[in-house]
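Residue numbers (the numbering used here): 12 to 491.
The next block holds one structure in the form of structure tokens; read it before the comments.
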């Protein structure tokens, strides 16, 4: 057989590969019940504006809507230093490498080796007279080419499966990044909400200190009892205790942020700065866009595609495996003649194997692949439903918290007015200090509720950003 014959044989099998079929089902995205054109909670937001229906803004760094330079810096540090994010990145790199390794199965394997041996043969062997030597050298340099054409698409289905699995890993990376960014923003606003309450308590402590001094002066003048003094002092100490207690939660949030940005919690501290402002309006878009904006949904859908391709791999196992082998090289019993044309050797030929009986192994593998695909399809649908629930939860939270904040603001104003009136009456001897004390306690409770609501509303807006997918969309999935 000549070299041209080898080439013709390769071209023939190459053509067969090109026209060969891919067994197994072509992928279709699992059917999802079409969502409405708007979220149900959008129509209830009278005070808080959710968005316009179409979202056309660049939302990559979604946290910039809060216009907080400190938060911006922490988010950037989290993106570059967080170790969970680094681990997710390496997981994607592994998945990408699997694609490259699987794709290599489409191409021939070429190998070369070299060997030398001294051998002795029996002096009584048949045809000994033809070659009377019983000992000689054997110098061998073989070149081998092996190729398994993908006639039935098994390799292509494996590539399809590993490529979509790599896309799922990329979406997992985006999900991890979004979760870390969102958690960081939530912890940041929690700390600033604590700082707001601390500021309120310090202002209250000043007022209570003045009240204690007033009560002591009145006792000195015979206008108040020692009981009034002790009540005023008790109230002051209780409020101071509340201020000290805030330090526990603040320290824990600081340590959590330190972990998120990849620094030791020891000695990490954020300067105190009170929370201010209302949550910004966040564009929700239309519900159908959520399927493209949530990386966890994309990851679930890509895993369905990967499992679907494995069904094709399982079906291809029913067909023969064909391998084309070509070997050539040089062999001689004399090293000096190794490169002569007469020392050339070669062999070529296809081989095929087919399993005639496997006791149902391939059928079981096929049923397993189908069941796995249906499992991932069910998980995908569940993830979609969970995503819509997440958005509706946060929209409802923002609406309800906005209503609660308005009611609480009115309660704060009433409590302040009541405290002012009872204080005036107490100074004039027309009310007991217990009335002042009661009104001050109610006022502080309402003010702390108002401060806590401000933090909860901004936290809910950050959680809505997470529920909407942040700034991610499906176009960012890599093409493997």
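For glycine and all other residues, C-beta sits at the position ideal for the given N, C-alpha and C.
Linking residue 345 to residue 356 through their CA atoms gives a straight-line distance of about 15 Å.
Here residue 167 is buried: its Cβ has 16 or more other Cβ atoms, across all protein chains shown, within 10 Å. Distance from the CA of residue 402 to the CA of residue 479, rounded to the nearest whole angstrom, comes to 7 Å. With a 10 Å radius around the Cβ and a threshold of 16 neighbouring Cβ atoms, residue 458 comes out buried.
Residues 226, 444 of the same chain have their beta carbon placed closer than 6 Å to that of residue 239, with the five preceding and five following residues left out of the count. Under the three-state reduction of DSSP, residue 364 is assigned to strand. In the three-state scheme derived from DSSP, where H, G and I count as helix and E and B as strand, residue 290 is classed as coil. Apart from sequence neighbours up to five positions away, the residues of its chain that approach residue 254 with a beta-carbon distance below 8 Å are 209, 212, 213, 216, ordered along the chain. Using a 10 angstroms sphere on the CB of residue 161, the tally of other CB atoms reaches 16 or more, which defines it as buried. The three-state reading of DSSP puts residue 342 in strand, counting E and B together. The residue among 315, 292, 460 with its C-alpha nearest the C-alpha of residue 472 is 292. By the Cβ rule, the segment 325-338 does not count as touching the segment 184-196, because fewer than three pairs are nearer than 8 Å. In this structure residue 32 is exposed. Its beta-carbon is surrounded by fewer than 16 other beta-carbon atoms within 10 angstroms. Residue pairing from DSSP leaves residue 169 without any beta-bridge partner. Per DSSP, residue 443 is not a residue of any alpha helix (DSSP H), being assigned neither H nor E. Contiguous beta strand (DSSP E) elements confined to the segment 185-254 do not occur, taking only those with 3 or more residues. Taking 9 Å as the cut-off, the beta carbon of residue 272 is found no closer than this to the beta carbon of residue 460. Within the DSSP bridge table, the entry for residue 359 names 337 as partners. For the options 487, 322, 474, 274, the alpha carbon positioned closest to that of residue 88 is the one of 274.
The continuous stretches of alpha helix (DSSP H) do not include residue 274, and DSSP gives it neither H nor E. Going by C-alpha positions, residue 441 is about 15 Å away from residue 236. Each of 110, 73, 36 was checked against the Cα of residue 490, and the nearest Cα belongs to 110. Following the DSSP letters along the chain, one finds residue 120 inside the beta strand (DSSP E) bounded by residues 120-123. Taking C-beta atoms under 8 Å as the contact rule, residue 260 and residue 297 fail to qualify, at a distance of about 38 Å. Secondary structure at residue 297: coil, using DSSP grouped into helix, strand and coil. Bounds of the alpha helix (DSSP H) holding residue 89 are 80-92. Counting along the chain, residue 321 sits inside the alpha helix (DSSP H) bounded by residues 306-327. Residue pairing from DSSP leaves residue 470 without any beta-bridge partner. Residue 383 is positioned such that its CB atom lies closer than 9 Å to that of residue 321. Residue 184 and residue 364 have their C-alpha atoms spaced approximately 42 Å apart.
Straight-line spacing of the CA atoms in residue 288 and residue 319 works out to 50 Å. Between the beta-carbon of residue 314 and that of residue 399 there is about 20 Å, and that puts the pair past the 8 Å contact cut. Residue 52 counts as buried, since at least 16 other C-beta atoms from the protein chains shown sit within 10 angstroms of its C-beta. A check of alpha carbon separations from residue 47 across 331, 339, 302 identifies 302 as the nearest.
Closest option to residue 393, judged by alpha-carbon separation, among 309, 467, 120, 180: 309. The bridge partners DSSP lists for residue 155 are 122, 338.
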